[in-house]
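Numbering (my numbering), first residue to last: 98 to 313. Glycine included, every Cβ here is placed at the ideal spot set by N, Cα and C. These numbers come from a predicted model, not from an experiment.
Given below as structure tokens:
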């Protein structure tokens, strides 16, 4: 079983395809070393990034921990961007960064920019899959009072709020289509994108990097 890049004519859009073949050579040289993982809330960005970090032996940065501060306030923007720049400068030979925050990054990690990503890994699972995951995660975090970043915890009170910005479940629902539109625009602009739309595709891609499947 080997994994090959498959680029569609006339577009930089890239998919990982599984081909039944004898693996006669290593594909390690073609594996991007600076990866940014994007996707709707609940898509599995953090879990995948942690696994990629382990498999490739590269450091990982979670943007939620960078841009959020205590009490669900935003970290100073200049300070946050400085942290991201420092991380990429310290690890020029490879990293994996998960989280969206594109508007606050202002192009800092865009492919083609100095120190930017080699490729974008886009988790584009169907909405029912994403919603099932985000509901389970939100219930667990709220009921167990799990600490996230800088002492922040998700409150069960947020479950009844009608503003998607205050309710992560509504946010995931409303942003699913928005994320697809944004990613389509980025693909059209020339971003190299690895789109993973099913868990079996995620598992196949991880195997191509030398890892095992990811339990979700």
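Buried versus exposed call for residue i [16 or more other C-beta atoms within 10 Å across all chains shown]
i	result
residue 132	buried
residue 153	buried
residue 197	buried
residue 163	buried
residue 141	buried
residue 248	exposed
residue 243	exposed
residue 174	exposed
residue 195	buried
residue 230	buried
residue 305	buried
residue 254	exposed
Segment limits, alpha helix (DSSP H) that includes residue i
i	result
residue 148	142-153
residue 227	224-241
residue 275	265-285
residue 257	Where residue 257 is concerned, there is no enclosing alpha helix (DSSP H), given that its DSSP letter is neither H nor E.
residue 305	296-306
residue 251	From DSSP, residue 251 is part of no alpha helix (DSSP H); its letter is neither H nor E.
Where the beta strand (DSSP E) containing residue i begins and where it ends
i	result
residue 193	192-195
residue 136	131-136
residue 159	157-159
residue 167	It is not in any beta strand (DSSP E) - residue 167 carries neither H nor E in the DSSP assignment.
residue 219	216-220
residue 292	290-293
Supposed contact pair residue j and residue i - C-beta distance, whole angstroms, cut 8 Å
i	j	result
residue 165	residue 217	The Cβ separation is near 22 Å, so there is no contact.
residue 137	residue 284	Wrong, their Cβ atoms sit about 16 Å apart, outside the cutoff.
residue 185	residue 192	6 Å
residue 130	residue 215	6 Å
residue 143	residue 159	6 Å
residue 245	residue 148	At roughly 19 Å, the Cβ-Cβ gap does not stay under 8 Å, so residue 245 and residue 148 are not in contact.
Could you tell me whether the stretch 228-235 touches the stretch 258-274, where touching means 3 or more Cβ pairs closer than 8 Å? Segments in contact, yes.
Pairs of beta-carbons, one from the stretch 202-211 and one from the stretch 287-304, closer than 8 Å: are there three or more? These segments touch.
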